[in-house]
C-alpha cells in the first residue's frame, strides 16, 4: 500500500522581520507542493530518498538511537522515532520525497517536507492524522533544522490558505476574496535567516527612536493588507507590497540582485513586488494580473532570477491512499 | 570692472519628502560652485550668457516689461528688474554664468545661479549685498522657476555649511565635526519634483495609518543624523543614509537606475548611500571614506551613472572684485 502525502510551500506576503517584534505578518500557502510517498516494507527498516540523497536506518537502531545519517535527514528520523515510540510499529517504511520548492529561499520547503512527511507517517503508522499533531511534529523538525522558527511555516503548510500571525495572538485565518496570482523570483544569493534577523535586531537596537515608529508603520501595513486581501483589492495589495519592500530596504536586508528582480517585476506590469522572507538574498514575490504572469516571469528571468509562477492556495496537507 | 560672484550647489542629506509634512530635513552646501561674472557695460542694456544660451534686453525695455527671452533666463531678468527699480541704475551689465552643477537632479543648480546672480548684481548696482536680500531675490527666482519650493536651496546656497530645516521652525545651522566626503551619482533619468511630491502625498493620503508613524520615523532619523553630524560619527551617518533610502523606497520614489547606483556605491565601500532629492530619477549621494572616493566614483560610472566627487563646504555665496 502507498500513501501519497503532500503539503504546500508558503510565502510571507507582508510583515517579515517586523513579526519578530510582535507586529502582525501575513503568510499564504502556494500551489507548489512537496510530495512524500510512503510505502510499507516487509523488513524492519526505514528508507528515505530525496533527489539523489538516500539513507536508511534499521528499526532497532532508530529506537536505540544508534545510527548516523546525512544532516539533511536527521529531523526526519527524529520525527520518525517519536511517532514509532508513541504508536508502536513493527514493520518498515520507504519514503520518497519530491519537491519543486527551491530550498533556503524563504518558501518554507523544509516545513512542507516535515508536514507532508509527518502526515504520511501518521497515516501509515497510526491510521490517521490530525493537523494539530502534524504541525507539532513538523515544528519539532523545524526547530532541529533552523533553531528558533516562528511556527508560521508548518502552520500555513498544514492548513493552507492565508493567515495573519502575531506572536502575542497566534494565527488567524484570512479569506482572500479573489485568486492571488504571484510570480516569485528566486535570486542566486544564499543567506542565513538567523544572521539576517540578528543584523536587523542589532540595527533596531542602535536606533530605537527611528525603528519603533517604523515597526508600528509595518504593523499598520499588515493590517491594511489583511483588509485588502479580504475585500479582493489587488491594487492596494500591490501598493502595500511596494511600501513593505521599502521598509525591508530600510532594515538593510535588500541587495542589488533583489532590487533588480523587484524592479523587473514592477516594470513588467506586476501590481507590486517585494522581498519575501529574511532578505539578503533568497526570493522576491510580485502580485500580478493573470494575463501578465508570463511577461513578469520573463522579465525576472532576464534580470538573472529564477521565476516561479504560482498562486495562493487553500489546500493544506493531504494524504491519499493508492 | 568685473565682479565675480559664486555660490554653492546643495544636497539634501536627510529627510526629503518627509520635510513637506513638517518633519526635519538636513541639507548641505557642496564645494561645487556656480560662477557668475558681472561686467559693467557702457550701453544701457543687459546681456546674460550661460553655456551657449545668450540673450540681451535694453534697460528701457526691461523697465517697461517689453521684452521676450528664453524661458531659462526669465527669472534672472525679473530679479534684475526688481533690483534696478529699487536701487536705480543708468548703465548696462553683462553676466556670464558658468556652472559645473548638473541641472534638474536635485543639486540646487538653479538656486545657486539665482544666489550668485543676485549677489553679483547687488554688488554691481548697490555696491553691497547681504545674505537676507540675496536669499529673498533668489527665492523669488525659485518660485518663478519651480512653483512652490521650500526655500532650502537658496538658503543653503547663500549661507553654506549644513542646516537643519523644519517648516514650522525654519533653519538651524549645524556644525559638522569632520569633513563630509560625498560621491554623488547622477542617473540619466529626468523627473519633475512637483510630480514626485504629489505622488508621495497621494500615497500618504491613501494609507495614513502606515505613513503617519513612518513619517515620524523619518523625523527621528533626521534628528539622529544631526547628532551624528555634530559628533562626526561617519559610521552612523552612513547607516542612517541607508535607512533613509529604504524609507524613500517605501514612498515609491526609487527606480531601478537609482537602486543600481546606491548599491554600486555601497558595494564599493561607501559607508551609506541614498537617493537625494525628489527621486524617480535625479541623483543619489553616498558618504565615503576619503581613500575610497575614486573607487566609489568608478563603481557608479560602471553602473551607468555620472559620478561627482564632492564634499560639504562651509562657503556660502561670495563676490570678489577684479
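Residue numbers (the numbering used here), protein chains in the order written: chain E, 1 to 322; chain F, 1001 to 1322.
Backbone N, C-alpha and C fix where the C-beta goes; we use that ideal spot for every residue, glycine too.
In whole angstroms, what is the alpha-carbon distance linking residue i and residue j?
| i | j | result |
| --- | --- | --- |
| residue 23 of chain E | residue 1229 of chain F | 32 Å |
| residue 1173 of chain F | residue 1154 of chain F | 14 Å |
| residue 1304 of chain F | residue 1187 of chain F | 7 Å |
| residue 178 of chain E | residue 1270 of chain F | 45 Å |
| residue 81 of chain E | residue 111 of chain E | 18 Å |
| residue 113 of chain E | residue 168 of chain E | 27 Å |
| residue 1010 of chain F | residue 1027 of chain F | 7 Å |
| residue 1101 of chain F | residue 1077 of chain F | 21 Å |
| residue 147 of chain E | residue 1107 of chain F | 48 Å |
| residue 1296 of chain F | residue 1232 of chain F | 21 Å |
| residue 1116 of chain F | residue 1258 of chain F | 30 Å |
| residue 84 of chain E | residue 15 of chain E | 38 Å |
| residue 1286 of chain F | residue 1266 of chain F | 8 Å |
| residue 68 of chain E | residue 1221 of chain F | 52 Å |
| residue 312 of chain E | residue 13 of chain E | 10 Å |
| residue 1237 of chain F | residue 1268 of chain F | 17 Å |
| residue 1171 of chain F | residue 1150 of chain F | 11 Å |
| residue 1121 of chain F | residue 1032 of chain F | 21 Å |
| residue 165 of chain E | residue 224 of chain E | 14 Å |
| residue 1320 of chain F | residue 235 of chain E | 58 Å |
Quick one: residues in its chain with C-beta nearer than 7 Å to the C-beta of residue i, no 5 flanking neighbours on either side, listed in chain order?
| i | result |
| --- | --- |
| residue 251 of chain E | 17, 200, 203 |
| residue 1196 of chain F | 1253, 1278, 1279, 1280 |
| residue 211 of chain E | 204 |
| residue 1133 of chain F | 1122 |
| residue 1239 of chain F | 1272 |
Given residue i, which residues of its chain have a CB within under 6 Å of its CB, disregarding the five upstream and five downstream residues?
| i | result |
| --- | --- |
| residue 21 of chain E | 215 |
| residue 135 of chain E | 154, 155, 158 |
| residue 315 of chain E | 160 |
| residue 1105 of chain F | 1186, 1282, 1283 |
Given that residue i touches chain E, what residues does it touch there, using C-beta distances under 9 Å?
| i | result |
| --- | --- |
| residue 1252 of chain F | 239, 242, 243, 246 |
| residue 1181 of chain F | Per Cβ cutoff of 9 Å: no residues; residue 1181 of chain F is ~22 Å from chain E at best. |
Applying a beta-carbon distance threshold of less than 8 Å, which residues of chain F neighbour residue i?
| i | result |
| --- | --- |
| residue 14 of chain E | Residues of chain F passing the Cβ test: none, with the nearest at roughly 11 Å. |
| residue 18 of chain E | Simply none; closest approach about 12 Å. |
| residue 230 of chain E | What residue 230 of chain E touches in chain F: nothing, since even the nearest Cβ is about 16 Å away. |
| residue 23 of chain E | Within 8 Å Cβ-Cβ: nothing; residue 23 of chain E doesn't reach chain F, min ~11 Å. |
Could you name the residues of chain E that residue i contacts, counting a contact when the two beta carbons are closer than 8 Å?
| i | result |
| --- | --- |
| residue 1213 of chain F | 213, 214, 216, 217, 220 |
| residue 1267 of chain F | 256 |
| residue 1275 of chain F | Those do not exist, as residue 1275 of chain F stays about 11 Å from chain E at its closest Cβ, beyond 8 Å. |
| residue 1198 of chain F | Under the 8 Å cutoff, chain E gives no residues; its nearest Cβ is about 16 Å from residue 1198 of chain F. |
| residue 1142 of chain F | Residues of chain E passing the Cβ test: none, with the nearest at roughly 29 Å. |
What is the residue span of the alpha helix (DSSP H) that residue i lies within?
| i | result |
| --- | --- |
| residue 1244 of chain F | 1234 to 1250 |
| residue 1114 of chain F | 1109 to 1126 |
| residue 1154 of chain F | 1152 to 1159 |
| residue 1080 of chain F | 1074 to 1087 |
| residue 1207 of chain F | No alpha helix (DSSP H) holds residue 1207 of chain F; DSSP gives it neither H nor E. |
| residue 1131 of chain F | 1131 to 1146 |
| residue 1183 of chain F | First-last for residue 1183 of chain F: 1181 to 1186, but that is the beta strand (DSSP E), not the alpha helix (DSSP H). |
| residue 259 of chain E | 256 to 267 |
| residue 1302 of chain F | 1293 to 1302 |
Strictly below 7 Å CB to CB, what residues from chain F border residue i?
| i | result |
| --- | --- |
| residue 249 of chain E | 1245, 1246, 1249 |
| residue 210 of chain E | 1217, 1220, 1221, 1224, 1243 |
What in chain F is Cβ-close to residue i, meaning under 9 Å?
| i | result |
| --- | --- |
| residue 207 of chain E | 1220, 1221, 1224, 1236, 1239, 1240, 1243 |
| residue 321 of chain E | Within 9 Å Cβ-Cβ: nothing; residue 321 of chain E doesn't reach chain F, min ~48 Å. |
Within the same chain, show all residues whose beta-carbon is closer than 8 Å to that of residue i, passing over the 5 residues directly before and after it, in chain order.
| i | result |
| --- | --- |
| residue 293 of chain E | 181, 183, 309 |
| residue 1109 of chain F | 1009, 1034, 1099, 1101, 1102, 1103 |
| residue 1072 of chain F | 1050, 1053 |
Taking residue i as part of the beta strand (DSSP E), name the residues at either end of that continuous run.
| i | result |
| --- | --- |
| residue 1283 of chain F | 1283 to 1287 |
| residue 1010 of chain F | 1002 to 1014 |
| residue 1191 of chain F | Note, residue 1191 of chain F: premise wrong, no beta strand (DSSP E); not H, not E. |
| residue 53 of chain E | 53 to 58 |
| residue 1031 of chain F | 1025 to 1041 |
| residue 273 of chain E | 272 to 276 |
Along chain E, which residues have their Cβ under 7 Å away from the Cβ of residue i?
| i | result |
| --- | --- |
| residue 1189 of chain F | Neighbours of residue 1189 of chain F on chain E: none; closest Cβ ~12 Å, over 7 Å. |
Check the Cβ-Cβ distances between residue i and every residue of chain B, and say whether any is below 8 Å.
| i | result |
| --- | --- |
| residue 1224 of chain F | In the structure shown, chain B does not exist; the protein chains are E and F. |
Three Cβ pairs or more, each shorter than 8 Å: is that satisfied between the region 1128 to 1139 of chain F and the region 1034 to 1051 of chain F?
no
Using 8 Å as the cut-off, can you tell me whether the region 239 to 250 of chain E makes contact with the region 1236 to 1247 of chain F, which would need three or more C-beta pairs spanning the two stretches below that distance?
yes
Should the region 1139 to 1150 of chain F be regarded as contacting the region 1053 to 1064 of chain F, the criterion being three or more beta carbon pairs within less than 8 Å?
no
Can we say the region 1031 to 1042 of chain F touches the region 1083 to 1095 of chain F, given the rule of at least three CB pairs closer than 8 Å?
yes
Counting pairs of Cβ atoms below 8 Å between the region 1264 to 1283 of chain F and the region 272 to 280 of chain E, do you hit three or more?
no
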